[in-house]
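Residue numbers (our numbering): 8 to 216.
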Ligand code: B1M
């Protein structure tokens, strides 16, 4: 089986321990980091579809996520180019009620490589924690909110609204995640939307430049 197919199959099967080695082998075989990342994201899509159709359950989704996270670790030095400029600090987190972190971690990585300091609040982040972090962190220029569930889209809205209502200024807010659309992002008062991690880094730079 070609390396990329083998990698995709192992991510889908949740063989987390095998994934880093296969990512390395795929790189050694001449595949670039972006294509490998894309392949692993496709595998997560397959796992999600299988979850929807009742073929796999939460433990399988978790193992697939673990494998992908380990694979991303191998790719990290290649995906995150690094930047010498400082664009200020970005506070990032997945909103309250939502435990998905792979997409958020990729966005954090790309935003960091675009030239921001990143403070990652993790997942299931209550509004008060975002507000406290913005207040207590120096030179916040960007707040990045991730949401992966249709059921946590209201939390995205509530978080943006509460941050705006706090009266704090000097930063922009970017939102994203699979169910988020540009229209939704605009309707909740955020400053920007990006469909993926690379796009988030590009938008982030534009917002603060
Ligand atoms: Co969940 N889950 N999950 N899950 N899970 C999805 C999202 C789902 C689509 C699967 C499905 O049913 N097909 C579905 C959501 C349906 C919906 O709301 N429309 C779903 C569900 C239903 C659930 C539970 C409710 C299941 C249950 O309990 N019955 C539950 C909810 C738990 C909770 O959060 N409270 C649940 C739980 C879990 C696990 C914990 C088991 C696990 C997450 C583990 C982890 O993250 N550490 C998990 C997983 C792994 C998935 C799937 C299979 C994979 C997610 C992923 O990592 N994708 C997912 C199916 C899928 O994605 N197709 C699914 C890869 C990742 C790179 O993509 O996160 O989309 P993504 O990030 C992208 C973009 O969205 C964007 O950039 C990234 C790519 O570059 N992006 C941003 C993300 N954040 C951004 C922020 C930005 C800009 C872009 O600006 C700030």
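No residue lacks a Cβ here, since even glycine has one placed at the ideal position from N, Cα and C.
So, are the CB atoms of residue i and residue j less than 8 Å apart?
i           : j           : result
residue 102 : residue 154 : yes
residue 99  : residue 125 : yes
residue 120 : residue 89  : yes
residue 46  : residue 25  : no
residue 5   : residue 189 : In the structure displayed, the chain extends from 8 to 216; residue 5 sits before or after that span and is not available.
residue 21  : residue 51  : no
residue 114 : residue 33  : no
residue 167 : residue 197 : yes
Thinking just about the alpha-carbon of each residue, which of the options is nearest to the one in residue i?
i           : options            : result
residue 150 : 55, 62, 74, 208    : 208
residue 213 : 188, 132, 127, 148 : 148
residue 127 : 135, 116, 59, 23   : 116
residue 41  : 10, 86, 96         : 86
residue 140 : 73, 57, 106, 97    : 97
Considering just the uninterrupted stretch of the beta strand (DSSP E) at residue i, what are its terminal residues?
i           : result
residue 62  : It is not in any beta strand (DSSP E) - residue 62 carries neither H nor E in the DSSP assignment.
residue 124 : 124-127
residue 30  : Careful: residue 30 lies outside any beta strand (DSSP E), inside the alpha helix (DSSP H) at 26-35.
residue 100 : 96-101
Name the two residues that bound the continuous alpha helix (DSSP H) containing residue i.
i           : result
residue 194 : 189-194
residue 168 : 160-172
residue 210 : 204-215
residue 151 : Taken as a continuous stretch (DSSP letters only), residue 151 belongs to no alpha helix (DSSP H), being part of the beta strand (DSSP E) at 147-153.
residue 17  : 10-19
residue 136 : 134-143
residue 22  : Looking at the DSSP string, residue 22 is not in any alpha helix (DSSP H), and its letter there is neither H nor E.
Going straight from the alpha carbon of residue i to that of residue j, what length do you get?
i           : j           : result
residue 30  : residue 43  : 7 Å
residue 53  : residue 83  : 23 Å
residue 192 : residue 142 : 23 Å
residue 136 : residue 111 : 17 Å
residue 164 : residue 177 : 20 Å
residue 132 : residue 10  : 37 Å
Should residue i be labelled buried (16 or more other beta-carbon atoms within 10 Å of its own) or exposed?
i           : result
residue 194 : exposed
residue 175 : exposed
residue 170 : buried
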